[in-house]
């Protein structure tokens with residue numbers, strides 16, 4: 001059964017698309033609580049460091065974004081290992097991306113170009 005937070009959408013090209021629904025509410029000026037709307041409601045909080053006007057009560061939004069990207073990479077690696085590269089002798093207990101580092105310009109993106117984020121593992 002498909003969780004309520006994931007709804008099958010109309011076709012996206014030749015494939016069905018998944019839709020995810022969230023609600024975000026600010027707290028303490030710059031903090032944010034995001035709630036995934038589904039059968040099981042998960043929440044995620046982000047905040048900024050005190051030197052940037054936040055309360056430093058949670059990960060920064062960019063850190064949550066990077067953690068999400070790594071979560072996708074780990075989930076994909078597990079899927080590939082189980083389903084696309086399955087062999088009777090292949091056994092694994094965990095997958096780790098060690099020493100992942102991201103670099104961004106703290107000034108933000110200039111108005112004439114997109115934000116560039118460099119990620120290396």
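Residue numbers (the working numbering): 1 to 121.
Cβ atoms here follow ideal geometry from the backbone N, Cα and C, with glycine treated the same way.
Secondary structure of residue i, DSSP reduced to three states
{"i": "residue 104", "result": "coil"}
{"i": "residue 17", "result": "strand"}
{"i": "residue 95", "result": "coil"}
{"i": "residue 67", "result": "helix"}
{"i": "residue 24", "result": "strand"}
{"i": "residue 83", "result": "helix"}
{"i": "residue 78", "result": "helix"}
Of the listed residues the options, nearest to residue i (C-alpha basis)
{"i": "residue 89", "options": "81, 95 and 96", "result": "81"}
{"i": "residue 25", "options": "86, 50, 35 and 91", "result": "35"}
{"i": "residue 102", "options": "84, 49 and 70", "result": "70"}
{"i": "residue 104", "options": "97, 65, 77 and 75", "result": "65"}
{"i": "residue 40", "options": "50, 49, 47 and 21", "result": "21"}
{"i": "residue 74", "options": "91, 63 and 97", "result": "97"}
{"i": "residue 62", "options": "76, 77, 45 and 78", "result": "45"}
Counted within 10 angstroms of its Cβ, other Cβ atoms place residue i as buried (16 or more) or exposed
{"i": "residue 15", "result": "exposed"}
{"i": "residue 99", "result": "exposed"}
Touch check for the segment 51–58 and the segment 21–32: three-plus C-beta pairs under 8 Å? A contact exists between the segment 51–58 and the segment 21–32.
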